Amino acid sequence: MYKQLIPKQRYTISVLLQKNFSNSYIAGIIGVNVSTVSREKRRNSNSKGVYDPRTAVLKAKRRKARNPGNRSIPLYVRSRVFELIRTEQWSPEQVSGWLEREEGIMVSKSTIYNWVGALSPHTKDNVRKYLRRGGKQTRKASKDVKVPIPNRVSIEQRPEDANGQTMGDWEMDTIVGKDGKGAIVTLVERKSSFMLMEKLDTGKQAVPLAHTVVNLLKELPVPIRTITTDNGSEFAAHEIIARELGTAVYFAHPYCSWEKGAIENMNGLIRQYIPKKTDFRGVSKNYIKEIVEKLNNRPRKKNGFIKPKDMIKTKIV
Numbered sequence: 001m002y003k004q005l006i007p008k009q010r011y012t013i014s015v016l017l018q019k020n021f022s023n024s025y026i027a028g029i030i031g032v033n034v035s036t037v038s039r040e041k042r043r044n045s046n047s048k049g050v051y052d053p054r055t056a057v058l059k060a061k062r063r064k065a066r067n068p069g070n071r072s073i074p075l076y077v078r079s080r081v082f083e084l085i086r087t088e089q090w091s092p093e094q095v096s097g098w099l100e101r102e103e104g105i106m107v108s109k110s111t112i113y114n115w116v117g118a119l120s121p122h123t124k125d126n127v128r129k130y131l132r133r134g135g136k137q138t139r140k141a142s143k144d145v146k147v148p149i150p151n152r153v154s155i156e157q158r159p160e161d162a163n164g165q166t167m168g169d170w171e172m173d174t175i176v177g178k179d180g181k182g183a184i185v186t187l188v189e190r191k192s193s194f195m196l197m198e199k200l201d202t203g204k205q206a207v208p209l210a211h212t213v214v215n216l217l218k219e220l221p222v223p224i225r226t227i228t229t230d231n232g233s234e235f236a237a238h239e240i241i242a243r244e245l246g247t248a249v250y251f252a253h254p255y256c257s258w259e260k261g262a263i264e265n266m267n268g269l270i271r272q273y274i275p276k277k278t279d280f281r282g283v284s285k286n287y288i289k290e291i292v293e294k295l296n297n298r299p300r301k302k303n304g305f306i307k308p309k310d311m312i313k314t315k316i317v
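First residue of the sequence shown: 1, per full-length UniProt numbering; consecutive thereafter.
In C-alpha cells:
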C-alpha cells in the first residue's frame, strides 16, 4: 500500500540512488514497501528523469493542494464534528450534510470517517462508540400469522399513493427484550422519519398496545392517513387504532419485512441505544424519551438534512 513520504525519507532515497542501491534495499532502509519507492521515483523525478528530493517535495505539495480532501481544515471544525457525533450520535453523513446546511461548514463524510478511523481506540476522545455498527445486523422477517387477526386488511388493499411521499403514512412494530420479555412499540412517519416509541407495561398484549398507539398519535399536528404493520398477534386490536384515529391499518405479507422498511430501519437505529438481549426492566420511560429526542433530531439526507422534528412542526408535505 502506498505510504506518503516525508522530506527526510525523500532525501535518503536521493542519496542511496546516487550510490546505485536497489529499490528493495532503499525500501528497507526508510521502512516502506518496495512499490512505494518505485512509485516515488516514477512520479517525482525531474524532466531529465533524475530523482531530486527538492523536486519531489514540490510536486507532492502541488498534488496535495489540488486535492480538496487534503486542504487544511481548522481544528474547530473537527471539534464541532466530534461534538455532534458524541452528543447527538449522528452519522458522518448526517454531520456533513447538517453542518453545510445550517452552519456553512464544508467537510465531507469521507474526511470525517478518516478522522474517526485515525483515532486510537484507547483515546478519551474516541467517538467510534457513538456510531452505529458498520456491519448489518440480521433481523427476522415479518412475523408469520400466529393467531387469526380479525378483519385483517392486506397491504395489497393499501392505496397506491400511500407510498411515503406525502406526510401521514406510518409504519408500526415492536421490539422485545431479553428472553422475549418486555416490549416497546415503535412508530415512524415515512416521509419525515419522525418516530415515536413507548414501553409497554403489559408486554405484547393487543388491547393495551392499541390504546398506547392511539395516545402517542392522537395529538400530533399531522394526519394519520395509513399505518402499516406486520402480522404479530400484538396488533390484533388494530380496529381500536383505526376507529380512534380515523385511519386504516394494513398488514404486510408474512416474511416480507421490506414492505415496512422504514420501521425496520428505525428499529435498527433504536438498537444503537437499546441493544438486543437488553433486559427491559432496566429501561426507564425517561430513557426512552431521550432516545426519541435524539432520533428526531438527526438530520436526514433524503429530506435535505432537515430534522424530522422540524418537518413535523412545519408540516412539510
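Don't be surprised by glycine CBs; every beta carbon is placed ideally from N, CA and C.
Computed from a predicted structure; not experimentally measured.
Tell me whether residue i sits in a helix, a strand or coil according to DSSP, three-state version.
{"i": "I105", "result": "coil"}
{"i": "S45", "result": "strand"}
{"i": "K124", "result": "With a pLDDT of 49 at K124, under the threshold of 50, the modelled position of that residue is not reliable, and the figure given next carries that caveat. If DSSP states are grouped into helix, strand and coil, K124 belongs with coil."}
{"i": "W90", "result": "coil"}
{"i": "T202", "result": "coil"}
{"i": "M311", "result": "helix"}
{"i": "Y51", "result": "strand"}
{"i": "T212", "result": "helix"}
{"i": "R300", "result": "strand"}
{"i": "Y273", "result": "coil"}
{"i": "E100", "result": "helix"}
{"i": "A237", "result": "coil"}
{"i": "A27", "result": "helix"}
{"i": "S154", "result": "strand"}
{"i": "Y250", "result": "strand"}
{"i": "M266", "result": "helix"}
{"i": "T278", "result": "coil"}
{"i": "L187", "result": "strand"}
{"i": "E40", "result": "helix"}
{"i": "T226", "result": "strand"}
{"i": "E160", "result": "coil"}
{"i": "I291", "result": "helix"}
{"i": "K143", "result": "Its pLDDT being 46, under 50, K143 is placed unreliably in this model, and the value from its coordinates should be taken loosely. Three-state DSSP puts K143 in coil, outside helix and strand."}
{"i": "N70", "result": "Low local confidence applies: a pLDDT of 46 at N70 is under 50, so the model's placement there is unreliable, and no value is given."}
{"i": "K136", "result": "Any reading at K136 must be qualified, since the residue scores a pLDDT of 30, below 50, and its modelled position is unreliable; the value itself is stated next. K136: coil per DSSP, three-state reduction."}
{"i": "V32", "result": "coil"}
{"i": "V283", "result": "coil"}
{"i": "E219", "result": "coil"}
{"i": "T174", "result": "strand"}
{"i": "I149", "result": "coil"}
{"i": "I306", "result": "strand"}
{"i": "L58", "result": "helix"}
{"i": "L131", "result": "coil"}
Restricting to Cα atoms, I'd like to know which of the options is closest to residue i.
{"i": "K260", "options": "V214, G164, E171", "result": "E171"}
{"i": "Q205", "options": "G182, E244, P221", "result": "G182"}
{"i": "F235", "options": "I149, E160, V77, L200", "result": "I149"}
{"i": "Y76", "options": "V292, V107, R10, E88", "result": "V107"}
{"i": "G168", "options": "R78, L245, T111, N231", "result": "L245"}
{"i": "G49", "options": "S14, G117, A242", "result": "S14"}
{"i": "K313", "options": "G97, T36, N44, P221", "result": "P221"}
{"i": "P159", "options": "G97, R78, T228, E239", "result": "T228"}
{"i": "L5", "options": "Y25, S47, N46, K59", "result": "K59"}
{"i": "C256", "options": "D230, A118, E290, Y25", "result": "D230"}
{"i": "R252", "options": "N296, I240, G232", "result": "Sequence inspection shows Ala at residue 252; the Arg mentioned does not correspond to that position. For the residues N296, I240, G232, the minimum Cα distance to A252 belongs to G232."}
{"i": "E103", "options": "N114, R80, K109", "result": "R80"}
{"i": "Q272", "options": "L131, S45, K199, R78", "result": "L131"}
{"i": "N114", "options": "W90, L99, R78", "result": "R78"}
{"i": "R281", "options": "G203, V37, R42", "result": "G203"}
Rounded C-beta distance between residue i and residue j? I'm assuming under 8 Å.
{"i": "V188", "j": "M266", "result": "5 Å"}
{"i": "F194", "j": "V127", "result": "At roughly 26 Å, the Cβ-Cβ gap does not stay under 8 Å, so F194 and V127 are not in contact."}
{"i": "I184", "j": "I288", "result": "7 Å"}
{"i": "T226", "j": "A210", "result": "Not a contact, Cβ separation roughly 16 Å."}
{"i": "M197", "j": "V292", "result": "6 Å"}
{"i": "V34", "j": "N23", "result": "5 Å"}
{"i": "Y250", "j": "V153", "result": "5 Å"}
{"i": "F305", "j": "R10", "result": "No, F305 and R10 are not in contact; Cβ-Cβ is about 42 Å, not under 8 Å."}
{"i": "V207", "j": "A237", "result": "5 Å"}
{"i": "P74", "j": "P7", "result": "About 25 Å separates the two Cβ atoms, so there is no contact after all."}
{"i": "K309", "j": "N296", "result": "4 Å"}
How about residue i and residue j: are their beta carbons less than 8 Å apart?
{"i": "R298", "j": "Q94", "result": "yes"}
{"i": "I270", "j": "T186", "result": "yes"}
{"i": "L217", "j": "I224", "result": "yes"}
{"i": "I263", "j": "D173", "result": "yes"}
{"i": "T166", "j": "K191", "result": "yes"}
{"i": "P92", "j": "I112", "result": "yes"}
{"i": "K294", "j": "E88", "result": "yes"}
{"i": "residue 322", "j": "D279", "result": "Outside the shown range of the chain, which is 1 to 317, sits residue 322, and nothing can be said about it."}
{"i": "residue 335", "j": "I30", "result": "Given that the chain is displayed from residue 1 to residue 317, the structure contains no residue 335 and the question cannot be resolved."}
{"i": "K301", "j": "G97", "result": "yes"}
{"i": "Y51", "j": "L16", "result": "no"}
Quick check on residue i - is its C-beta less than 8 Å from some C-beta in chain D?
{"i": "R101", "result": "The structure shown contains no chain D, having only a single protein chain."}
Could you tell me whether any non-hydrogen atom of the ligand GTP is closer than 7 Å to the CB of residue i?
{"i": "Y255", "result": "As far as ligands go, the structure on display features none, and thus does not contain the ligand GTP."}
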